[in-house]
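The UniProt record's numbering puts the first residue of the sequence shown at 1, with every later residue one more than the last.
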Amino acid sequence: MRAGTRSKVTGGTAVVTALLLLAACGGGGDEGGDGGTATTGGGSEDISGESVSFIGSWSGDEQDSFQAMVEPWQEETGATVEYTGTRDLSQQITTGIASGNLPDIAGLPGPGPMKDWYDQGALQPLDFVDFDTYSGATPEGFADLGKAADDTLVGVFTKAAVKGLIYYNTAVWTGDEPTSWDQMISTADGLGGPDTATWCIGLESGATSGWPGTDWIEDIVLRQAGPDAYDSWVNGEMKWTSDEIKSAFETFGDALASSYGGSDYIVNTAFGRAANPMFEDPPGCVLHHQASFITDFFANEAGATPDQFDFFPFPDIDPQFAGGVVGGGDLIGMFNDTPAARSLVEYLLTPEAQQIWVERGGFISANSGVPLDVYPDEASRRSAEILQNAETFRFDGSDNMPAAMTDAFNRAMVAFAQNPDQLDSILSELDTVQADSYNQ
1 MRAGTRSKVT
11 GGTAVVTALL
21 LLAACGGGGD
31 EGGDGGTATT
41 GGGSEDISGE
51 SVSFIGSWSG
61 DEQDSFQAMV
71 EPWQEETGAT
81 VEYTGTRDLS
91 QQITTGIASG
101 NLPDIAGLPG
111 PGPMKDWYDQ
121 GALQPLDFVD
131 FDTYSGATPE
141 GFADLGKAAD
151 DTLVGVFTKA
161 AVKGLIYYNT
171 AVWTGDEPTS
181 WDQMISTADG
191 LGGPDTATWC
201 IGLESGATSG
211 WPGTDWIEDI
221 VLRQAGPDAY
231 DSWVNGEMKW
241 TSDEIKSAFE
251 TFGDALASSY
261 GGSDYIVNTA
271 FGRAANPMFE
281 DPPGCVLHHQ
291 ASFITDFFAN
301 EAGATPDQFD
311 FFPFPDIDPQ
321 FAGGVVGGGD
331 LIGMFNDTPA
341 ARSLVEYLLT
351 PEAQQIWVER
361 GGFISANSGV
371 PLDVYPDEAS
381 RRSAEILQNA
391 ETFRFDGSDN
401 MPAAMTDAFN
411 RAMVAFAQNP
421 DQLDSILSEL
431 DTVQADSYNQ
């Protein structure tokens with residue numbers, strides 16, 4: 001159940017007021033406030049009547065939650081946010097750079113494209129953000145991912161995600177959390193009935209179709225080959241045809257072979273609806289692999305209630321690499337440097353702003369200043385706790401790759417789901433893209 005809108009707006013308005021007062025009194029100082037509020041000057045200018053254009057990937061309930069989050073800022077400043085949601089974020093921005101028609105602020109597909117767009121002169125520095133305060137309020141390593149090669153901050157995280165979570169229907173999986181990958185597979189076998197598949201997998205996501213499969217590969221590489229191999233692969237130093245990466249694809253291939261609906265369902269089903277059969281009677285599948293944000297889709301697409309699902313972390317594959325966590329997050333960047341855009345960025349980084357979305361559900365805050373007890377359900381709270389306490393953490397690999405590599409990775413996952421027997425040629429093609437995109 002979601003908290004009432006009025007209480008959220010009141011809390012958000014209070015922090016906007018505090019930010020504007022701080023900026024007006026401080027005259028552009030570099031010190032942030034307590035509790036992870038990353039603010040400096042820039043908020044003291046009168047921006048009433050101004051508008052900030054914002055392009056992001058959020059739609060539906062996520063768009064509603066974003067708009068609820070910015071509502072207090074709009075009320076307090078008199079400025080407005082003109083939001084456009086798209087499932088083709090990367091292409092929209094690429095086209096905008098070519099035409100010169102860019103939004104003031106946009107969501108960024110990942111650190112890789114972010115760096116490319118900064119190098120092209122499109123993304124603007126976020127030098128008004130107090131980096132030390134921002135860095136101290138985010139998970140280890142997050143803040144540095146928003147820096148360009150010259151150490152300039154050009155992207156910041158508002159929303160985080162824990163990847164590699166294995167969800168299940170609580171009426172079907174009633175046992176303990178598995179201690180290994182093999183134990184998980186053996187336990188799932190036979191649950192739900194003779195026609196119940198082990199997995200529900202869906203790779204469709206418009207122009208970025210395939211990305212749910214890239215998350216699978218990243219989770220498997222980290223736990224099967226280890227963090228050093230993971231880093232080498234993401235940095236373009238380990239070939240896709242290497243034994244470590246090929247083995248990860250083969251492990252994912254086993255999951256595809258035991259997935260609901262076969263290849264047609266996998267490649268044509270939107271990721272947000274992929275787990276719907278898990279909640280049918282009899283269930284179509286036992287397990288679903290996704291990031292922490294997926295719980296909103298369980299409710300809105302499958303009609304599931306919080307008591308009907310739970311999760312456990314992606315189990316260990318090789319014991320020597322136990323305890324790894326892969327995470328992600330939603331970066332935002334500024335393409336047009338205006339006082340209103342700066343003010344909105346500063347506001348979105350505050351724990352008070354992010355708490356508005358946290359309380360509405362489907363959001364893991366990138367700011368550790370948001371208390372764990374405000375998360376509306378146990379699954380979200382546990383996800384946030386996993387992120388805050390991670391020991392071996394790696395950021396989403398595909399989001400850290402050059403844009404051309406990321407696009408090829410996405411397409412490769414769709415191709416592999418359709419034709420798993422073509423793995424060698426698929427990996428060879430990825431080697432070719434790697435050599436070009438990393439300038440090897």
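Virtual Cβ for every residue (Gly too), placed ideally from N, Cα, C.
Buried versus exposed, by CB contacts within 10 Å (16 or more), G397: Per the 10 Å Cβ criterion, buried.
Nearest-angstrom Cα separation, counted from P402 out to G190: When rounded, the distance between both Cα atoms is 42 Å.
Residue span of the beta strand (DSSP E) that contains R394, given as start and end: R394 -> beta strand (DSSP E) spans T392 to F395.
Under the three-state DSSP convention, the category K163 falls into: K163: coil per DSSP, three-state reduction.
Segment contact, 8 Å Cβ cut-off, at least three pairs: the segment 382 to 393 with the segment 133 to 142: Enough Cβ pairs lie closer than 8 Å, so yes.
Cβ distance (whole Å) where S57 is taken to contact G107 below 8 Å: Right, their Cβ atoms sit about 5 Å apart.
C-alpha gap between I166 and A366, whole angstroms: Cα-Cα distance, rounded: 21 Å.
Coil, strand or helix - P313 by DSSP: In the structure shown, P313 sits in a strand (DSSP, three-state: E or B).
Paired residues, beta bridge with E82 - DSSP: E82 is bridged by DSSP to S53.
For G284, the residue or residues it bridges with in DSSP: G284 pairs with nothing; no bridge assigned.
Contacting residues, own chain, Cβ-Cβ under 6 Å from Q74 (five flanking each side not counted): Only T80 meet the Cβ criterion.
Alpha carbon of N300 to alpha carbon of D176, nearest angstrom: Computed Cα separation, rounded: 27 Å.
Own chain partners of S437 with C-beta closer than 6 Å, once the 5 adjacent residues on each side are dropped: Beyond the five residues adjoining it in sequence on each side, S437 comes within less than 6 Å, by CB distance, of P402, A404 and M405 in the same chain, given in chain order.
Residue from S205, A291, D195 and G284 whose Cα sits closest to the Cα of A302: Among S205, A291, D195 and G284, the Cα nearest to that of A302 belongs to G284.
CA nearest to the CA of W117, picked from F335, D182 and G213: The option with the nearest alpha carbon to W117 is F335.
Segments of 3+ residues assigned as beta strand (DSSP E) that fall wholly inside the segment 349 to 382: Those beta strand (DSSP E) runs which fall completely within the segment 349 to 382 and span 3+ residues do not exist here.
Span of the beta strand (DSSP E), counted from its first residue to its last, around G272: Careful: G272 lies outside any beta strand (DSSP E) and carries neither H nor E.
P125 versus T84: straight-line alpha-carbon distance, rounded: The straight-line gap from Cα to Cα measures roughly 23 Å.
Whole-Å CB distance - I364 paired with V70, under 8 Å assumed: Incorrect: roughly 18 Å between the Cβ atoms, too far for contact.
C-alpha gap between Q67 and F309, whole angstroms: Distance between the alpha carbons of Q67 and F309: 27 Å.
Beta-carbon proximity check, L287 vs W199, cutoff 7 Å: Pairing L287 with W199 gives a Cβ-Cβ distance under 7 Å.
Alpha-carbon to alpha-carbon, Q434 and N235: The straight-line gap from Cα to Cα measures roughly 10 Å.
Contact under 7 Å by Cβ, D431 with K239: For D431 and K239, yes; Cβs fall inside 7 Å.
Burial state of T95, where buried means 16 or more other Cβ atoms lie within 10 Å: By the neighbour-count rule (16 or more Cβ atoms within 10 Å), T95 is not buried but exposed.
Supposed contact pair L222 and V358 - C-beta distance, whole angstroms, cut 8 Å: Taking 8 Å as the upper bound for CB-CB distance, V358 and L222 are not in contact here, some 27 Å apart.
Check whether V414 and L203 have beta carbons under 7 Å apart: Taking the C-beta atoms as reference points, L203 is found nearer than 7 Å to V414.
Cβ shell of T13 (< 8 Å), same chain only, five flanking positions each side left out: With a pLDDT of 41 at T13, under the threshold of 50, the predicted position of this residue should be treated as unreliable, and no value is reported.
DSSP three-state assignment for M69, whether helix, strand or coil: Looking at M69 - three-state DSSP - the assignment turns out to be helix.
Exposure label - D195; buried when at least 16 CB within 10 Å: So D195 ends up on the exposed side.
Span separating the alpha-carbon of T350 from that of G136: Rounded to the nearest angstrom, the two C-alpha atoms are 12 Å apart.
8 Å contact criterion, which N400 and P111 should meet: CB distance rounded: For a cut-off of 8 Å, the C-beta gap from N400 to P111 is around 5 Å, short enough to register as a contact.
Nearest candidate by alpha-carbon position, reference S428, set A408, Y134 and S258: For S428, the closest of A408, Y134 and S258 by C-alpha to C-alpha distance is A408.
Closest residue to E45 among T338, D130, A322 and P282 (Cα-Cα distance): Taking only the C-alpha atoms, the option nearest E45 is T338.
Cβ neighbour criterion (16 or more within 10 Å) applied to P212: Only buried fits P212, as 16 or more other CB atoms lie within 10 angstroms of its CB.
Counted within 10 angstroms of its Cβ, other Cβ atoms place T174 as buried (16 or more) or exposed: Counting C-beta atoms within 10 angstroms of its own C-beta, T174 has fewer than 16 neighbours from the protein chains shown and is therefore classed as exposed.
Local conformation of N268 per DSSP, three classes: Three-state DSSP puts N268 in a helix.
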